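When we follow this note's numbering, the leftmost residue of the sequence shown carries the number 61, and every step to the right adds one. Each residue gets a CB set at the ideal place from its N, CA and C atoms; glycine is no exception. Keep in mind the model is a prediction, meaning the values are calculated, not measured.
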Amino acid sequence: MNILHLLRDHFRQALLALNIADPDKFLDLVKPATDPRFGDYQANLAMPLGKLLGRPPREVAADIVAKLDLDEVAEAPEVAGPGFINLRLRSDWLANQLLAILPDERLGVAKVGNPQTIVIDYSSPNVAKPMHVGHLRSTIIGDALARTLRFLGHCVITDNHLGDWGTQFGMLIYGYKHYRDDEALKRDPVREMLRLYVLVRQKIKEAGGASEDEEEEAANPIAEACRRETAKLHAGDPENLELWRRMMPWCLAELERIYRRLDIHFDYTLGESFYHPMLAEVVQDLLQRGIATYSDDAVVVFLGDQQPPAIIRKRDGAFTYMTTDLATIRYRIEKFHPQAILYVVDFRQSLHFQQLFTIARRWGYRDVRLEHISFGSVLGADRKPIKTREGGAIELEALLDEAVRRARAIVDANSPDLPEAQRAEIAEAVGIGAVKYADLAQNRTSDYVFNWDKMLAMDGNTATYMQYAYARIRSIFRKGEISPEEIQRVRESPQLPTPEERNLALWLLRLPEAVENAANEYKPNYITSYLWELANAYNAVYQNYPILRAPDETLRRSRLVLCDLTARAIGLGLSLLGIRTVEQM
Ligand code: ARG
């Protein structure tokens with residue numbers, strides 16, 4: 061049960077009783093209190109309503125309070141200042157709610173009443189070169205959103221829209237034909253492909269071009285040769301197609317290894333190559349409907365004065381990223397009938413998605429919500445996009461290895477007695493968890509500075525801190541020789557005699573708010589912020605009051621109930637972020 065929704069429902073009834081038309085407009089103003097001294101929740105709607113009705117807000121607040129029927133849930137509401145309504149939930153009500161969620165594996169988080177089909181396009185790296193740190197955010201944020209939306213009951217379809225057909229394959233094919241080392245290829249094809257890729261890029265640079273992607277580089281002989289290889293591939297040249305078919309499994313195996321390590325699984329991996337056969341027809345269709353036109357032998361869609369036109373077929377006949385994305389939208393809509401398609405992609409592609417969505421709507425796809433879930437960059441200590449010391453992109457795998465190595469040091473220091481294999485497993489969960497959490501804890505739209513020490517801190521808003529709190533609770537149960545299941549069968553409401561216990565109870569009941577906010581705004585940081593508050597509320601209990609040695613049996617059981625619920629809320633919250641817990645740490 062979502063407390064905020066419950067309170068808003070009550071306010072809606074009160075406003076209706078006062079003949080306020082359209083009460084929902086004001087309900088956003090019922091929210092968690094900013095200062096706990098004034099209560100748990102507050103409603104600031106008397107001020108705008110006072111204005112609307114031409115009456116003093118305090119009077120309006122008093123009228124609302126008179127109509128509010130919250131006796132079972134809250135203490136008598138207080139009107140403060142210019143008309144704030146302060147609400148303090150009743151402790152016995154909180155205790156009863158805790159009892160209600162105790163046996164519930166969803167901990168009170170309801171499924172949505174109107175499940176939707178939602179396609180999530182995320183990770184989607186350009187293959188043929190190793191994944192680097194730039195692929196981290198899309199992969200991690202997309203996975204967290206998929207898990208959260210699915211948990212809420214939506215039908216989520218994840219699709220990894222691989223860049224498996226672009227210019228980088230032209231470069232690889234060129235490199236393969238001219239510079240390959242057959243021995244190295246046999247030993248480690250992925251390494252050899254990386255070497256070829258880097259080498260060809262270097263050659264392009266030496267030949268005078270800064271970038272391998274731009275059309276203007278046509279004057280650059282190597283870039284031009286690579287472009288020709290790409291064009292031949294796209295035209296169905298048997299040799300290049302055969303090379304592409306040989307290279308793809310190497311690329312996929314490499315990706316798969318990292319995904320497995322990150323515990324990320326896709327329902328579909330339909331890369332750009334999958335759509336290639338549809339592109340000519342898409343362009344024809346857009347031309348026929350008058351949405352696209354010829355311009356200098358290219359085919360473009362004009363988008364008004366505010367936006368540059370979108371090219372969907374270049375003068376040389378090549379299709380573009382845009383053409384592929386248009387074909388993809390049509391395919392997804394025809395195959396999955398989704399209500400929404402989410403694209404978890406770097407903010408730098410904003411213009412592309414703006415154009416894409418505009419064209420898709422003109423094309424007739426108006427009933428589907430198309431959303432660019434944009435995010436900022438990962439920065440190094442110098443506040444520039446993070447790079448290796450040599451200036452290259454940090455390979456994702458090296459980054460994960462480093463995280464696990466650092467986590468291992470922590471585990472070794474904390475639990476030297478655990479067997480080697482178990483310590484290695486804990487280090488993997490802690491290291492990977494730290495990387496994911498550090499990313500998800502940011503408001504996704506901002507950049508963030510990558511910082512090893514911060515992300516593995518035992519006492520900050522980190523996965524490590526949450527995993528540690530979880531493991532510590534588990535150890536209480538082990539020490540007391542009590543099984544969590546036994547506590548979950550308790551049938552009397554817990555006691556909440558101290559402010560710390562009451563506060564913890566409140567946070568335990570706010571999990572649904574956090575999960576629903578994260579889903580509604582596509583922002584997993586609602587969940588991390590929640591976990592941080594929860595873990596702090598728990599620590600305040602743990603540090604001030606004995607649990608196993610509580611003064612009497614009832615209180616001991618009550619505190620164990622709070623402990624069990626805390627561990628499960630942390631476990632559930634982390635699982636929605638794709639982060640594992642460990643029983644010992
Ligand atoms: N492969 C692209 C890149 O690495 C991202 C693709 C995102 N998805 C899409 N449907 N455009 O930049």
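Relative to the ligand ARG, the beta carbon of GLY540 is positioned no closer than 7 Å to any heavy atom. Close CB contacts of SER618 within its chain, under the 7 Å cut and outside five residues either way in sequence, are with PRO554 and GLN555 (chain order).
The stretch 349-367 makes no contact with the stretch 396-406; the number of CB pairs closer than 8 Å stays below 3.
Rounded to the nearest angstrom, the Cβ distance from ALA453 to GLY493 is 23 Å, too far for a contact under 8 Å. Placement of the Cβ of GLY230 at a distance of 7 Å or more from every heavy atom of the ligand ARG is found. Residue PHE510 holds the alpha-carbon nearest to the alpha-carbon of LEU196 among LEU620, PHE510, ASP612 and PRO606. Contact fails between the stretch 581-589 and the stretch 605-614, because fewer than three Cβ pairs, one in each stretch, are under 8 Å apart.
Rounded to whole angstroms, the separation of the alpha carbons of LYS447 and GLU165 is 43 Å.
Contact between THR218 and PHE326 holds, since their C-beta atoms are separated by about 5 Å, short of 8 Å. The beta-carbon distance between PRO572 and ASN146, rounded to whole angstroms, is 22 Å. This is too long to meet the 8 Å contact definition.
Taken in chain order, the complete beta strand (DSSP E) segments of 3 or more residues contained in the stretch 295-323 number zero; there are none.
Per DSSP, reduced to three states, the secondary structure at PHE379 is strand. In the displayed model, SER589 falls within a helix according to three-state DSSP.
Approximately 6 Å separates the beta-carbon atoms of ASN104 and PHE144; this is inside 8 Å, confirming the contact. Going by DSSP, VAL361 is part of the beta strand (DSSP E) stretching over 358-361.
Between the alpha carbons of GLN367 and LEU416 lies a gap of roughly 12 Å. Listed in chain order, the non-local C-beta contacts of ARG429 below 7 Å within the same chain comprise GLN399 and ALA400, local neighbours out to five positions each way being set aside.
Non-local beta-carbon contacts of GLU252 in its own chain, meaning distances under 6 Å to residues more than five positions away in sequence, involve ALA244 and LEU245 in chain order.
Taking the C-beta atoms as reference points, VAL120 is found nearer than 8 Å to LEU113.
Residue burial is scored here from C-beta neighbours: HIS238 has fewer than 16 other C-beta atoms within 10 angstroms and is therefore classed as exposed. For ILE145, the enclosing beta strand (DSSP E) has its first and last residue at 144-147.
Excluding five sequence positions before and after LEU254, the CB atoms of its chain that fall closer than 7 Å to its own CB belong to LYS189 and PRO190, given in chain order.
LEU66 is classed as exposed because its beta carbon has fewer than 16 other beta carbons within 10 Å across all chains shown.
With a cut-off of 8 Å on Cβ pairs, the stretch 375-390 is not in contact with the stretch 301-318, counting fewer than three such pairs. Annotated three-state conformation of HIS192 is strand, per DSSP.
In this structure, the straight-line span from the alpha carbon of THR199 to that of ARG628 is close to 25 Å. Distances from the CA of TYR236 to each of LEU222, LEU636, CYS286 and ALA267 were compared; the closest alpha carbon is that of CYS286. Just measuring C-alpha positions, the residue of LEU167, MET231, THR177 and VAL216 sitting nearest VAL187 is MET231.
Listed in chain order, the beta strand (DSSP E) elements of length 3 or more contained wholly in the stretch 164-238 are 177-181 and 215-219.
By the CB criterion at 8 Å, ILE161 and LEU500 fall outside the cutoff. Note that the C-beta distance between HIS70 and GLU455 is not below 8 Å. The alpha carbon of SER535 has as its nearest neighbour, out of CYS623, ALA93, ALA487 and ALA358, the alpha carbon of CYS623. Between the stretch 533-549 and the stretch 477-494 there are fewer than three inter-stretch CB-CB distances shorter than 8 Å, so the stretches are not counted as touching. It is roughly 46 Å from the alpha-carbon of HIS294 to the alpha-carbon of LYS514. The alpha carbon of HIS432 has as its nearest neighbour, out of GLU581, ALA458 and PRO445, the alpha carbon of GLU581. Linking VAL139 to ARG118 through their CA atoms gives a straight-line distance of about 7 Å.
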